[in-house]
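Numbering (my numbering), first residue to last: -8 to 248.
Note that the Cβ used here is the ideal one computed from N, Cα and C, for glycine as well.
Worksheet: one structure, shown below.
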């Protein structure tokens, strides 16, 4: 029997200033898999992620999270099941890294209750997983942009949610840490987490994702990553010439008219 998707979109339609970003979009995000969302600037990637995270409402359709309609869940219940990492996470610069990561445990705390030993352990494990242990007592405002991004990822990991949604988490990371990011995401998937990522680096995404959503010109192509991110589909979506060589993607500008 096929396992129900952890997160499902059913007939999602979204408009932006009367422009259709996507129409009647269906998507199944399953445990143990990484799905990447890509598309040209303004295609609606962040809007789709925010809608799937329950932060924006679609014009039509609905989202299901672990079998329940997302709109029927309280913010606290939603946050215990789904962790969302946006592109920008404002945070008080004087907070220590350990304190920032511990904020990821808020949905799991008893109402008005202090962090428990299990919460401190989850935060410490997330820090260790990303190699941030030595930074634990350092104010986050003193870290580099890439280091802060890793702290935000650790905060998301500390939530121990069944579904994680990340909006361009590799932005600002050097290639070594970007590859490390996807190594951590794959480890999460192996643990049964459903992972959804918006990504600009198409070659990086193609090498690490199982499934993909390609948004362009008001349409969405959904399926296995290798099929969706074919040179033909990517070339049409981005208005470039795309080709594959030795398993890598290469892009060229269209010939001048």
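Is residue i near residue j, with beta carbons less than 8 Å apart?
i: residue 64; j: residue 156; result: no
i: residue -2; j: residue 56; result: yes
i: residue 43; j: residue 27; result: no
i: residue 17; j: residue -4; result: no
i: residue 88; j: residue 131; result: yes
i: residue 267; j: residue 58; result: Outside the shown range of the chain (-8 to 248) lies residue 267, about which nothing can therefore be said.
i: residue 141; j: residue 121; result: yes
With a CB to CB cut of under 8 Å and the five nearest residues on each side skipped, what residues in its chain are close to residue i?
i: residue 38; result: 5, 7, 12, 47
i: residue 10; result: 209
i: residue 1; result: 17, 52, 53, 54, 55
Helix, strand or coil for residue i per DSSP?
i: residue 245; result: coil
i: residue 113; result: helix
i: residue 124; result: helix
i: residue 15; result: strand
i: residue 234; result: strand
i: residue 198; result: helix
i: residue 130; result: strand
i: residue 191; result: coil
i: residue -1; result: strand
i: residue 210; result: strand
For residue i, which residues in the same chain have their Cβ closer than 7 Å to its Cβ, ignoring the five residues on either side in sequence?
i: residue 143; result: 76, 80
i: residue 193; result: 29, 220, 225, 240
i: residue 67; result: 98
i: residue 243; result: 231, 232
Rank the options by C-alpha distance to the C-alpha of residue i and give the top, closest one.
i: residue 215; options: 207, 226, 95, 196; result: 196
i: residue 236; options: 84, 246, 222; result: 222
i: residue 128; options: 159, 93, 25; result: 93
i: residue 98; options: 105, 59, 150, 247; result: 150
i: residue 116; options: 136, 20, 175, 33; result: 175
i: residue 70; options: 203, 211, 152; result: 152
i: residue 72; options: 107, 183, 78; result: 183
In its own chain, which residues sit with a C-beta less than 6 Å from the C-beta of residue i, not counting the 5 before and 5 after it?
i: residue 203; result: 27, 216, 219, 220
i: residue 126; result: 88
query = In chain order, which alpha helix (DSSP H) runs of at least 4 residues are fully inside the stretch 70 to 103?
reply = Segments of the alpha helix (DSSP H) lying fully in the stretch 70 to 103: 88 to 93.
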